[in-house]
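Numbering (this note's numbering), first residue to last: 1164 to 1454. Note sheet for the following structure.
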Amino acid sequence: MSESATQQEVLIVTGMSGAGRSTVANALEDLGWYVVDNLPPQMLRPLADLADKASDTLPKIAAVIDVRGRDLFHDIQPIINDLRDGSQVRVIFLEATDDVLVRRFESVRRPHPLQGEGTLLDGIHRERERLRELRASSDVVIDTSNFNIHQLASATHEMFSSSDDPALQLTVMSFGFKYGIPTDVDLVADVRFLPNPFWIPELRGLTGADQAVKEFVLSREGAGEFIEKYSEALAPVFAGYQRENKRHATVAVGCTGGKHRSVAVARELADRFQNLPGVVVHVKHRDLGRE
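Next comes the structure, spelled out in structure tokens:
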């Protein structure tokens, strides 16, 4: 293949067993992708070569690769590293917390592929350790702990339905630290330095989406300066993401409960980011309504 030929991207879907690989694969098929399930890692190179040679006629290609390949799976990291040197390869890693994975396996009454004579948790811990390097080198990590199958399918459609668009798909997510820091994010901002509207009786029952709370939060000392300087600081970061062909990124904004300050600031930042060239912004409030 000549250097001037257009390379077709190959998407690798991997991650923890029970984290939703099949759901993502089905959603990709619905979007017109050609999906190969349980592909041995050693077959990635022939698949990438086929994608390059038939880029004009073959649909977008995704390969689901996981520990079901057993001994064949051990070679996946050097194979992916080699592919990155000569092909357009993106790796999507799906994960979930241990307790969520245990519940999912128990609901379908199936053993973990690495469980052996041990418990479900034994298998999950073995898999997590085996996938540590692969997770660290992945392009996108998605924590599916709080997703049902319909929400994960919707998230997949949102992420990949416009994958030919060169714009950066940016999610600005509010969250509450009391519920844990999201794991599937690129950047985290802490706005607990601002006074909490929770302690104002007339604001307690409202959210950061309400005008009264928004005005209260954004008028506090330091709020405007933070939003202005943080949005300015991230502008070159997003430009760099686009140069490096990183199409999806998430900025998380946290307060105590994810109801007031983080929601108001996330919405304000999203408005600023929307004006950046090549950036398409989506807003998500992870913990809104949990109280």
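Idealized CB from N, CA, C, for every residue including glycine.
Worksheet item: Taking DSSP as the reference, what is the three-state secondary structure of LYS1216?
Response: If DSSP states are grouped into helix, strand and coil, LYS1216 belongs with the helices.
Fill in: Whole-number beta carbon distance between VAL1252 and ALA1175, since they are thought to touch under 8 angstroms
Residue identity differs from the one stated: residue 1175 is Ile in this sequence, not Ala. Contact flag correct, Cβ pair sits at about 6 angstroms.
Worksheet item: Which residues mark the beginning and the end of the alpha helix (DSSP H) in which PHE1256 is found?
Response: For PHE1256, there is no enclosing alpha helix (DSSP H); the enclosing beta strand (DSSP E) covers residues 1252-1258.
Fill in: Residue interval of the alpha helix (DSSP H) (run including LYS1377)
Counting along the chain, LYS1377 sits inside the alpha helix (DSSP H) bounded by residues 1374-1381.
Worksheet item: How many angstroms separate the CA atom of GLU1244 from the CA atom of THR1370?
Response: The question names Glu, but residue 1244 is Asn in the sequence shown. So the two alpha carbons sit approximately 46 angstroms from each other.
Worksheet entry | Nearest to ARG1383 (by Cα), restricted to the options GLU1292, ASN1438 and ARG1424 | Per the Cα distances, ARG1424.
Discussion item. If you reduce the DSSP assignment to three classes, tell me which class PHE1310 lands in.
Written reply: In the structure shown, PHE1310 sits in coil (DSSP, three-state: anything other than H, G, I, E or B).
Discussion item. Quick check on the DSSP output: what are the complete alpha helix (DSSP H) runs of length 4 or more inside the stretch 1335-1394, in order along the chain?
Written reply: Taking only runs of at least 4 residues, the alpha helix (DSSP H) segments lying wholly in the stretch 1335-1394 are 1364-1367 and 1374-1381.
Worksheet item: Whose CA, out of LYS1216, ASP1193 and LEU1297, lies closest to the CA of PRO1241?
Response: Ranking LYS1216, ASP1193 and LEU1297 by CA distance to the CA of PRO1241 puts LEU1297 first.
Item to complete: Starting from the Cα of GLN1205, find the closest Cα among LEU1221, HIS1237 and LEU1194 and give me that residue.
Response: Answer by Cα proximity: HIS1237.
Fill in: Bridge partner(s) assigned by DSSP for VAL1304
Note: VAL1304 is bridge-paired with PHE1256 in the DSSP secondary-structure output.
Worksheet item: Going by beta carbon distance, what residues of the same chain come within less than 6 angstroms of LEU1191, once the five residues before and after it are set aside?
Response: Exclusion of the five residues before and after LEU1191 leaves VAL1198 and ALA1225 as the residues of its chain whose Cβ lies within less than 6 angstroms of its Cβ.
Worksheet item: Under a Cβ-count criterion, where at least 16 other Cβ atoms within 10 Å of its own Cβ denotes burial, should ASP1193 be classed as buried or exposed?
Response: Exposed is the call here.
Worksheet entry | Distance between beta carbons of ALA1330 and GLY1452, contact taken as under 8 angstroms | Not really, about 30 angstroms apart at Cβ, beyond 8 angstroms.
Discussion item. Please state the DSSP three-state secondary structure of SER1167.
Written reply: Note that SER1167 has pLDDT 38, beneath the 50 cutoff, so the model's placement of it is unreliable and no number is given.
Discussion item. Which residue marks the beginning of the beta strand (DSSP E) containing GLY1178, and which one marks its end?
Written reply: Residues 1173-1178.
Worksheet item: PRO1276 to TRP1196, Cα distance in whole Å?
Response: Whole-angstrom Cα-Cα distance: 27 angstroms.
Practice prompt. Measure the alpha-carbon distance for LEU1246 versus LYS1392 and round it to whole angstroms.
Written response: Between the C-alpha atoms of LEU1246 and LYS1392 there is a straight-line separation of about 39 angstroms.
Worksheet item: Does DSSP put GLY1417 in a helix, a strand or coil?
Response: Residue state for GLY1417 is assigned as strand, using DSSP reduced to three classes.
Item to complete: With a threshold of 16 other CB atoms inside 10 Å of the CB of ASP1248, please say whether the residue is buried or exposed.
Response: Here ASP1248 is exposed. Its C-beta has fewer than 16 other C-beta atoms within 10 Å.
Practice prompt. Check whether the Cβ atoms of GLY1343 and LEU1257 sit closer than 7 angstroms, and answer yes or no.
Written response: Their beta carbons are not under 7 angstroms apart, which means GLY1343 does not touch LEU1257 by this criterion.
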